[in-house]
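Asks:
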Amino acid sequence: DQQVKQNSPSLSVQEGRISILNCDYTNSMFDYFLWYKKYPAEGPTFLISISSIKDKNEDGRFTVFLNKSAKHLSLHIVPSQPGDSAVYFCAAIPGSGTYKYIFGTGTRLKVLA
Amino acid sequence: GAGVSQSPRYKVAKRGQDVALRCDPISGHVSLFWYQQALGQGPEFLTYFQNEAQLDKSGLPSDRFFAERPEGSVSTLKIQRTQQEDSAVYLCASSLGGRGTGGSYEQYFGPGTRLTVT
Chain S
17 DQQVKQNSPS
27 LSVQEGRISI
37 LNCDYTNSMF
47 DYFLWYKKYP
57 AEGPTFLISI
67 SSIKDKNEDG
77 RFTVFLNKSA
87 KHLSLHIVPS
97 QPGDSAVYFC
107 AAIPGSGTYK
117 YIFGTGTRLK
127 VLA
Chain H
4 GAGVSQSPRY
14 KVAKRGQDVA
24 LRCDPISGHV
34 SLFWYQQALG
44 QGPEFLTYFQ
54 NEAQLDKSGL
64 PSDRFFAERP
74 EGSVSTLKIQ
84 RTQQEDSAVY
94 LCASSLGGRG
104 TGGSYEQYFG
114 PGTRLTVT
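First to last, the sequence lines map onto chains S and H.
In the working numbering, each residue's number is its place in the first sequence (first place is 1) plus 16.
In the working numbering, each residue's number is its place in the second sequence (first place is 1) plus 3.
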């Protein structure tokens with residue numbers, strides 16, 4: 017079963033507008049969440065993270081929101097730039113005692129110039 | 004400094020052959036992870052090392068898969084008697100700290116090894 021889901025396989029946004037990428041999870045024991053960006057033929061690159069004790073974390077153009085009651089995570093990119101075009105993965109880590117990062121299937125973002 | 008490197012970048016193996024995939028993590032990184040990524044999917048956890056200790060190997064799909072990190076730095080993922088379903092990109096990641104060490108959970112990934120079994 018897919019514990020971390022990214023239900024939108026792709027998203028297109030105009031340059032300068034906001035990109036919103038969504039992620040849903042099923043396991044309430046997840047205590048840390050991360051977003052990664054991946055370009056073709058490269059490994060994923062860490063973008064931003066959030067602990068389950070927070071509901072928002074901001075880093076420059078990137079903001080992650082966590083809604084624990086809805087088991088929902090979102091990444092906002094404002095303003096979107098053509099260089100943001102990539103595949104975005106959300107990942108979650110269960111509670112202490114495990115090292116198993118669980119990744120979603122990814123959302124391909126295309127920012128149109 | 005140098006990032007995580009993996010070799011080879013591409014590997015074609017005939018079914019039944021053994022393969023060895025190498026990962027050079029960032030120097031000083033305590034934690035090392037191996038993932039398998041099938042086409043159109045996210046990375047799937049295979050195994051985790053904290054220094055030389057393999058603390059979790061629950062994601063290894065079968066006993067044909069074996070990983071080691073004997074000196075706590077370079078790691079090798081070995082797949083014996085490769086099957087077609089083993090075709091995937093194998094990603095290695097390292098992080099400075101680990102669970103319970105107070106370190107960051109941020110992982111640094113290598114570019115991956117694309118394995119094709121024919």
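C-beta atoms are modelled at their ideal positions from N, C-alpha and C, and glycine is treated no differently.
Bear in mind the structure is a predicted one, so any value in this text is a computation, not a measurement.
Can you tell me which of the three DSSP states H/Glu88 falls into?
Replies: DSSP places H/Glu88 in helix when its eight states are reduced to three.
Asks: Answer with yes or no whether the minimum CB distance from H/Phe68 to chain A is below 8 Å.
Replies: Considering every chain present, this structure includes no chain A. Its protein chains are S and H.
Asks: Of the choices S/Ile34, S/Pro25, S/Leu82 and S/Pro60, whose alpha-carbon is the least far from that of S/Ser44?
Replies: Of the candidates S/Ile34, S/Pro25, S/Leu82 and S/Pro60, the one whose C-alpha sits nearest the C-alpha of S/Ser44 is S/Leu82.
Asks: Can you confirm whether S/Ile109, when its beta carbon is compared against all beta carbons of chain H, has any partner nearer than 8 Å?
Replies: Yes - at least one Cβ of chain H is within 8 Å of the one on S/Ile109.
Asks: Measuring straight from C-alpha to C-alpha, what distance separates S/Ile66 and H/Gly19?
Replies: Between S/Ile66 and H/Gly19, the C-alpha separation is close to 43 Å.
Asks: Can you give the Cα-Cα distance for H/Lys14 and H/Tyr93, rounded to whole angstroms?
Replies: The alpha-carbon atoms of H/Lys14 and H/Tyr93 are separated by roughly 11 Å.
Asks: Let's see if you can read the secondary structure: which residues bound the beta strand (DSSP E) around H/Leu49?
Replies: Residues Glu47 to Gln53.
Asks: Which runs of the beta strand (DSSP E) at least 3 residues long sit entirely within the stretch 22-73 of chain S? Give them in chain order.
Replies: Entirely contained in the stretch 22-73 of chain S, the beta strand (DSSP E) runs reaching 3 residues are, in chain order, 26-30, 35-41, 48-54 and 61-67.
Asks: May I ask you to report which of helix, strand or coil DSSP gives S/Asp134?
Replies: The structure shown does not extend to residue 134 of chain S, since chain S is modelled only from 17 through 129, so no value can be given for it.
Asks: How about S/Phe46: is its C-beta nearer than 8 Å to some C-beta of chain H?
Replies: No, its Cβ sits nowhere closer than 8 Å to a Cβ of chain H.
Asks: Strictly under 8 Å for the Cβ-Cβ distance: is S/Thr121 near chain H by that measure?
Replies: So, interface residue.
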